[in-house]
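Residue numbers (the UniProt record's numbering), protein chains in the order written: chain A, 1 to 531; chain B, 1 to 174.
Beta carbons: idealized from backbone N, C-alpha and C, even for Gly.
Owing to the predicted nature of the structure, the values given are computational and were not obtained by experimental measurement.
To start, the structure under review is shown below, and the notes come after it.
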């Protein structure tokens with residue numbers, strides 16, 4: 001082979017390579033041109049659409065509401081959107097629950113508290129293509145103001161609370177934009193237990209829900225729970241007020257623990273320390289000594305027990321009752337059980353929707369009670385447990401499993417979820433509990449149970465300063481610290497008794513829920529201090 | 001130890017007057033019976049079967065061939081599955097037994113056999129520890145167990161287990 005030949009071959013190779021390169025370049029140029037064309041077209045499109053969007057005043061994100069103007073506009077509640085409103089043009093403020101765009105139309109579900117309605121934006125006389133696109137792009141959970149025509153629908157909309165109408169949107173404005181990504185989905189929070197498992201759908205665990213409580217509280221279940229809870233408080237107040245009780249307010253910062261010093265929070269109080277009240281016990285008793293006769297108190301109580309169970313909180317709402325009686329503390333029991341029965345009846349009659357809403361997610365049997373309320377003595381309870389094979393001592397306190405089992409046995413025998421267990425052993429009760437006159441081992445004290453779990457603890461209190469001092473000494477309590485309490489009984493004190501109920505527990509057990517955190521809006525437990 | 005007490009209870013329940021003497025063999029303490037006429041018998045089921053023969057109550061080993069096989073199967077189950085079972089196995093045993101006993105009075109059908117006695121002795125320590133809720137969950141096992149513990153002469157060295165006649169955990173709430 002000559003030198004030339006070699007060179008020629010090399011050139012050929014070069015040429016071949018450059019040919020390939022050329023083709024490649026050409027292709028790329030074409031691509032770029034196409035892209036540019038497309039972009040130009042898009043820009044032109046958007047420009048032209050900007051120009052011919054006839055509906056551009058009908059949607060958008062208006063100025064932040066800073067109370068610039070006071071419109072006469074009437075905002076209709078979603079709940080009120082019924083066929084009677086058909087063919088009316090109305091304004092609604094609601095959240096975007098879900099949205100689904102499909103070609104020239106966009107379906108929205110608008111939610112207001114536990115109610116929701118289907119709404120529709122469709123390209124037509126009132127809405128442009130751009131408006132539909134805007135509506136479809138509003139983030140979930142944003143708050144919008146919507147002007148719409150109410151239209152009757154042929155087929156019921158099963159997924160909404162307002163099943164007979166839908167809204168044909170004519171204007172839509174975003175009042176508050178939500179972030180595009182939510183920490184959790186509302187649908188995942190209301191999915192019935194166990195249902196998501198089969199189709200692999202997510203359920204949100206409780207901690208995540210509590211971490212994002214504000215969103216979790218928006219669910220229909222949460223709304224129903226807290227409406228019912230509000231109902232319990234109201235029924236409690238109404239019933240007692242009708243019975244002639246006076247509502248009192250007691251201090252929560254106190255100088256001495258009322259029920260033994262172990263489980264109280266200590267707070268620094270200037271140069272000394274104080275405690276957070278475990279119950280308004282001492283104060284409601286002092287009110288009795290001050291002739292208030294029948295008092296109740298609704299307020300926070302604190303327990304520094306380091307127990308992480310389904311039914312313990314470190315701060316909860318106590319519903320406390322204290323009343324003077326004539327001759328027998330059963331007058332007190334009757335008064336309290338009647339109050340409870342009035343609450344149960346009120347819930348059953350006025351909160352059926354809420355009960356059913358909660359039942360959809362957490363199914364349970366309806367709450368049963370007897371009238372008058374069943375009262376068992378402690379010894380009878382122990383006998384029932386022994387008969388069922390439980391080995392326990394006469395003066396032993398009920399353990400949680402035994403408490404629950406006894407609840408079961410009582411339900412089976414008497415068909416009630418609510419009963420009173422009377423005459424507890426004296427040894428397991430606080431120092432101010434009145435001993436039983438017939439048997440020193442027992443006391444005039446009682447617990448009340450719902451679905452086998454304790455909701456109320458109460459007793460006849462010692463109203464005699466002498467006996468009270470004896471019992472305090474027996475319990476090794478520093479007399480100096482409870483001097484003012486004991487002194488209140490030195491100037492004439494009527495016989496009295498009472499009890500304290502945990503609001504959250506009542507709601508939890510009435511609804512048959514499994515965790516007290518579900519019925520506490522912002523629960524506090526040893527591991528949770530936020531939100 | 002346990003096997004001795006079990007065999008001595010069995011002797012009594014069979015109505016055998018003269019108690020036998022047993023020894024053990026190996027790490028697992030397999031019971032051995034030295035009889036006067038013949039070689040030593042080894043193993044719980046073998047000895048138990050022998051005692052039944054001695055008491056002239058062959059029906060306890062099953063009537064028909066099929067019945068006999070069933071009895072043998074459950075005796076074997078007792079030795080292989082129940083004895084020395086771990087905590088995790090208990091759930092499986094209870095679940096299996098419960099579904100098996102759904103339509104039966106006794107282990108091998110409608111007649112009381114040696115399988116019932118030995119299974120009762122073998123499973124007693126499990127049942128005695130069950131919570132009421134567990135007992136109710138495995139109600140067929142509990143019903144069978146209650147039936148056997150009340151069967152004339154069976155119980156002997158074991159404490160009675162309380163069995164509720166009514167269901168108390170009827171709803172889903174716990």
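For the beta strand (DSSP E) that contains residue 173(A), what are its first and last residues?
-> 165 to 176
- Item | Residue from 282(A), 216(A), 424(A), 73(A) with nearest C-alpha to residue 496(A) | 282(A)
Can you pull the chain A neighbours of residue 132(B), defined as C-beta to C-beta under 9 Å? Near residue 132(B) (Cβ distances below 9 Å), the residues of chain A are 388, 389, 390, 405, 408, 409.
Margin query: Beta-carbon within less than 7 Å of residue 368(A)'s beta-carbon, same chain only, minus the 5 sequence neighbours each way: which residues are those?
Written below: 415, 416, 417
### Query
Can you find a C-beta in chain B that's less than 8 Å from the C-beta of residue 504(A)?
no
Could you have a look at residue 55(B) and say whether DSSP puts it in helix, strand or coil? Here residue 55(B) sits in coil by DSSP.
Does the beta carbon of residue 169(B) come closer than 8 Å to any beta carbon on chain A? By this cut-off, residue 169(B) is an interface position.
Query - Supposed contact pair residue 52(B) and residue 14(B) - C-beta distance, whole angstroms, cut 8 Å - result: 7 Å
Exercise. What residue range is occupied by the uninterrupted beta strand (DSSP E) comprising residue 300(A)?
Worked result: 294 to 302
query = Should residue 23(B) go down as buried or exposed, given a rule of 16 or more other Cβ atoms within 10 Å for buried?
reply = Under a 10 Å Cβ-count criterion, residue 23(B) is classified as exposed, with fewer than 16 other Cβ atoms of the shown protein chains found around its own Cβ.
| Is residue 81(A) near residue 121(A), with beta carbons less than 8 Å apart? | no
- prompt: Tell me which same chain residues have a C-beta within less than 8 Å of the C-beta of residue 292(A), skipping the five on either side of it?
  reply: Same-chain partners within the cutoff: 246, 248.
Can you give me the start and stop residues for the alpha helix (DSSP H) that residue 137(B) sits inside? 132 to 137
Margin query: Can you find the residues in the same chain that come closer than 7 Å, C-beta to C-beta, to residue 499(A), ignoring five residues on each side of it along the sequence?
Written below: Excluding positions up to five away in sequence, the list reads 321, 336, 456, 457, 458.
query = What beta strand (DSSP E) runs, 3 residues minimum, are completely inside the stretch 393 to 471 of chain A?
reply = Complete beta strand (DSSP E) runs here, min 3: 418 to 422, 445 to 450, 453 to 460.
With 16 as the cutoff for other CB atoms within 10 Å, does residue 443(A) come out buried or exposed? buried
- Message: Is residue 412(A) close to chain B? Criterion is C-beta to C-beta, closer than 8 Å.
- Response: yes
TODO: Have a look at residue 421(A) and residue 379(A) and give me their C-alpha separation to the nearest angstrom.
DONE: 9 Å
From the beta carbon of residue 162(B), is the nearest beta carbon of chain A less than 8 Å away? Interface residue, yes.
| task | With a 10 Å radius around its C-beta and 16 neighbouring C-beta atoms as the bar for buried, classify residue 512(A) as buried or exposed. | result | buried
### Query
Are the C-beta of residue 166(B) and some C-beta of chain A separated by less than 8 Å?
Interface residue, yes.
query = Counting Cβ pairs closer than 8 Å, one from the stretch 211 to 220 of chain A and one from the stretch 182 to 194 of chain A, do we hit at least three?
reply = yes
Buried or exposed, going by whether 16 or more other CB atoms sit within 10 Å of the CB of residue 491(A)?
exposed
Exposure label - residue 1(A); buried when at least 16 CB within 10 Å | The predicted model places residue 1(A) with a pLDDT of 49, which falls under 50 and marks its position as unreliable, so this point remains unresolved.
With three or more C-beta pairs closer than 8 Å as the rule, is the stretch 88 to 97 of chain B touching the stretch 54 to 63 of chain B?
Per the Cβ contact rule, the stretch 54 to 63 of chain B is not in contact with the stretch 88 to 97 of chain B (fewer than 3 Cβ pairs under 8 Å).
Notebook entry, point to check: Which parts of the stretch 138 to 167 of chain B are runs of the alpha helix (DSSP H), unbroken and 4 residues or longer, counting only runs that do not cross its ends?
Noted result: Entirely contained in the stretch 138 to 167 of chain B, the alpha helix (DSSP H) runs reaching 4 residues are, in chain order, 139 to 149.
Comparing the C-beta of residue 1(B) with each C-beta of chain A, is any distance below 8 Å?
Unreliable placement is indicated for residue 1(B), whose pLDDT of 48 sits below 50; the coordinate value is still reported in the next sentence. No, no contact with chain A.
Problem set entry | Buried versus exposed call for residue 200(A) [16 or more other C-beta atoms within 10 Å across all chains shown] | exposed
Original post:
Would DSSP call residue 371(A) helix, strand or coil?
Top reply: coil
| said: Assuming residue 511(A) is part of the alpha helix (DSSP H), what are its boundary residues? | reply: 503 to 511
Q: Grab me the residues of residue 560(A)'s own chain with a C-beta within less than 6 Å of its C-beta, minus the 5 sequence neighbours each way, in chain order.
A: In the structure as shown, chain A starts at 1 and stops at 531, and residue 560(A) therefore has no counterpart that could be examined.
Could you tell me which whole beta strand (DSSP E) segments of length 3 or greater appear in the stretch 259 to 287 of chain A? 266 to 269, 272 to 276
**Report entry** Minimum C-alpha distance to residue 135(A) - residue among 104(A), 155(A), 157(A), 150(A)
**Finding:** 104(A)
Start-end ranges of the alpha helix (DSSP H) lying completely within the stretch 74 to 151 of chain A, minimum 4 residues
129 to 136
Take every Cβ of the stretch 304 to 313 of chain A, pair it with every Cβ of the stretch 464 to 480 of chain A, and state whether three or more of those distances are shorter than 8 Å.
no
Within-8 Å CB hit, residue 376(A) to chain E:
No chain E is part of this structure, whose protein chains are labelled A and B.
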